[in-house]
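Residue numbers (the UniProt record's numbering): 1 to 314.
Beta carbons: idealized from backbone N, C-alpha and C, even for Gly.
Heads up, the thing below is written out as structure tokens.
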């Protein structure tokens, strides 16, 4: 079966909306929505192919773009490698140069559109930010909630409320407050036993690697309109995350950290190799912060996750 290499773009307007095009009914996966792009020719770089395709399809010239995610997908009749870049600046006015309908869509509304199956991880990547804040585990409740509020005011859009072990009623109370703080401003990810899932319908769930190993064979415990993430440290856990159909993962530790001084760091090269075999958004974690965001993008990651690096100074 032949593998088709496709360059695709998540094109963002100044207001953050994303440009979609509808496939012609006569095409493979016809009638569905897609992220614009096309085939990479044998002698082309992905960046060149993307610029050429967007010029031909939409009449725009790309001025700022970066790698976002690579997705490998096998259809019954062909295999595709989608090499997706985020285009944040361009010149020209996008129009359907080949007669295709276009639509600008708010990221949160992407779930309302029907895409080819291979596009599901791209939809997740387009909805996720590049930074993931994990709250410190050693703060008193008022200080913690003030910090979350300050981080959101500073632009953080994805927050994990780090959990102590097991069924802790104090964590549940804290989660109720955090849900209120994040409502309409940031996506909150909670941790804890699956028995709590129904109590926090607005929150996503971030599984520990132990939960991943225990429940992966049982399938996804949440509907697709709620975020599901997992903590991964190696290829085996990434495979389990794929099996469980999570939306994104953290991969750690990339570098030595204060919180886990005994953990063997992956290093950038191994982290990039693990990401290249995994078709979901990955946040790199462990000894990284805003300064490493570009490096994370070049390694194929969605962005960076951290505790101290993103926690606002008092």
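With DSSP collapsed to three states, give me the class of residue i.
i	result
residue 79	strand
residue 35	coil
residue 70	strand
residue 6	strand
residue 303	strand
residue 113	coil
residue 85	strand
residue 295	helix
residue 55	helix
residue 12	strand
residue 311	coil
residue 173	helix
residue 224	coil
residue 139	coil
residue 256	coil
residue 323	Not covered by the structure: residue 323. The range shown for the chain is 1 to 314.
residue 273	helix
residue 128	coil
residue 168	coil
residue 43	coil
residue 24	coil
residue 289	coil
residue 194	helix
residue 180	helix
With 16 other CB atoms within 10 Å as the buried threshold, where does residue i fall?
i	result
residue 290	exposed
residue 264	exposed
residue 95	exposed
residue 37	buried
residue 246	buried
residue 140	exposed
residue 176	exposed
residue 130	buried
residue 209	buried
residue 45	exposed
residue 51	buried
residue 258	exposed
residue 65	buried
residue 119	buried
residue 292	buried
residue 12	buried
residue 303	buried
residue 306	buried
Tell me which residues share the same chain as residue i and place their Cβ nearer than 8 Å to its Cβ, disregarding the 5 neighbours each side in the sequence.
i	result
residue 10	18, 35, 68, 84, 85, 86, 87, 122, 125 and 126
residue 197	205, 221 and 222
residue 316	Missing from the structure shown is residue 316; the chain here goes from 1 to 314 and no further.
residue 144	135, 136 and 174
residue 4	39, 78, 79, 80 and 81
residue 2	78 and 79
residue 224	111
Give the DSSP bridge partners of residue i, in chain order.
i	result
residue 19	104
residue 189	160 and 204
residue 283	250 and 303
residue 48	According to DSSP, which records beta bridges pairwise, residue 48 is partnered with nothing at all.
residue 90	62
residue 327	This structure cannot settle anything about residue 327, because the visible part of the chain is limited to 1 through 314.
residue 230	207 and 249
How many whole angstroms separate the CB atoms of residue i and residue j, which I take to be in contact at a CB cut-off of 8 Å?
i	j	result
residue 288	residue 249	Actually they are not in contact, since the Cβ atoms of residue 288 and residue 249 sit about 15 Å apart, beyond 8 Å.
residue 312	residue 155	Going by Cβ atoms, the distance from residue 312 to residue 155 rounds to 11 Å, so no, they are not a contact pair.
residue 266	residue 238	Actually they are not in contact, since the Cβ atoms of residue 266 and residue 238 sit about 12 Å apart, beyond 8 Å.
residue 82	residue 6	5 Å
residue 216	residue 280	Not quite, the Cβ-Cβ distance comes to about 14 Å (not below 8 Å), so this is no contact.
residue 212	residue 190	So it is not a contact: roughly 16 Å between Cβ atoms.
residue 252	residue 285	4 Å
residue 299	residue 271	6 Å
residue 184	residue 163	About 23 Å separates the two Cβ atoms, so there is no contact after all.
Residues in its own chain within less than 7 Å of residue i by CB, not counting five upstream and five downstream?
i	result
residue 149	181
residue 58	36, 94, 95 and 97
residue 157	129, 186 and 187
residue 194	221
residue 41	49
residue 255	265, 286, 287 and 288
residue 200	175, 179 and 190
residue 301	275, 282, 283 and 284
residue 117	73
residue 103	20
Can you list, in chain order, the residues of its chain with a C-beta nearer than 6 Å to that of residue i? Leave out the 5 residues immediately preceding and following it.
i	result
residue 101	22
residue 60	54, 90, 92 and 94
residue 133	151, 156, 159 and 310
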